[in-house]
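Here's the structure we're looking at; comments come further down.
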Amino acid sequence: MGPIIPQGMIPAEWDSIIAILIGIAFGFILESSGFSSSRKLAGVFYGYDFAVLKVFFTAALVAVIGVYYMDYLGLMDISLLYVHPTYLWAAIIGGAIMGVGFVMGGFCPGTSLCAIAIGKIDAFVYVGGILIGVFIFSESFGLFEGLYNANYLGKVTIMETFGITGEWAVFLFTLMAIACFILADFVRRRVKKIFY
Numbered sequence: 000m001g002p003i004i005p006q007g008m009i010p011a012e013w014d015s016i017i018a019i020l021i022g023i024a025f026g027f028i029l030e031s032s033g034f035s036s037s038r039k040l041a042g043v044f045y046g047y048d049f050a051v052l053k054v055f056f057t058a059a060l061v062a063v064i065g066v067y068y069m070d071y072l073g074l075m076d077i078s079l080l081y082v083h084p085t086y087l088w089a090a091i092i093g094g095a096i097m098g099v100g101f102v103m104g105g106f107c108p109g110t111s112l113c114a115i116a117i118g119k120i121d122a123f124v125y126v127g128g129i130l131i132g133v134f135i136f137s138e139s140f141g142l143f144e145g146l147y148n149a150n151y152l153g154k155v156t157i158m159e160t161f162g163i164t165g166e167w168a169v170f171l172f173t174l175m176a177i178a179c180f181i182l183a184d185f186v187r188r189r190v191k192k193i194f195y
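Here the sequence shown stands for residues 0 to 195, numbered as in numbering that gives the first Met the number 0.
Structure below.
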């Protein structure tokens, strides 16, 4: 029964090796899907291409349904899955910086590394900016530490916040995905009429 490392089925030392293998597979799939193109990724924000939104929404939906089915069948103990703790202000500010960088550069950190792997110059510039930002943040962490640790909320989940079961959360997430897909198609058709 999973998860396999917390259950002691394999040693914790395999954690990094498994992460590297999953990362390589994920990068290969991103590149094969054309997500190393900054134009394709920026298309979400400009309304002409919603492939990224649809693929990642679908992947998240398949993953969450799979996790709950495995839990239901006794193949996984969902209570042992790691939930990253929430630091509210760090999440809001970090998300805003990431969002602006995503719109300006046309990449997220993962897709930028895929683009580097195939030699795209704009991706090298983007990752260079990420590394400079990481260096500045780490060297001046003392200035940001209070903000970084502000509003610690612990392990927050949608189920606990809204008082619903996991099954209801999955159902509502599915409805949200369908609504987003319909809205995305509507916006894409409108943008296509205006610009094409």
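Idealized CB from N, CA, C, for every residue including glycine.
From the DSSP output, which residues share a beta bridge with residue i?
i	result
Val160	It is Thr, not Val, that sits at residue 160 in the sequence shown. Note: Thr160 sits in no beta bridge, so no partner.
Gly104	BP columns for Gly104 are empty, so no partner.
Thr173	Its beta-bridge partners do not exist; DSSP assigns none.
Tyr86	Tyr151
So the alpha helix (DSSP H) residue i belongs to, where does it begin and stop?
i	result
Tyr71	50 to 71
Leu112	108 to 116
Gly132	120 to 138
Gly26	13 to 31
DSSP state of residue i, grouped into three classes?
i	result
Leu74	coil
Tyr81	coil
Phe143	helix
Phe34	coil
Met97	helix
Gly7	coil
Terminal residues of the continuous beta strand (DSSP E) containing residue i?
i	result
Leu40	From DSSP, Leu40 is part of no beta strand (DSSP E) but of the alpha helix (DSSP H) over 37 to 45.
Gly153	151 to 153
My guess is that residue i and residue j are in contact by the Cβ rule of under 8 Å, so how many angstroms apart are they, rounded?
i	j	result
Gly26	Leu112	7 Å
Val51	Leu40	6 Å
Tyr71	Gly104	The pair is not a contact, with the Cβ atoms about 41 Å apart (cut-off 8 Å).
Phe136	Phe143	7 Å
Ala176	Leu29	With a Cβ gap of about 20 Å, Ala176 and Leu29 do not count as contacting.
Leu79	Pro2	6 Å
Val66	Ile77	6 Å
Using a Cβ cut-off of 7 Å (strictly closer), state whether residue i contacts chain D.
i	result
Glu144	You won't find chain D in this structure, because it holds only one protein chain.
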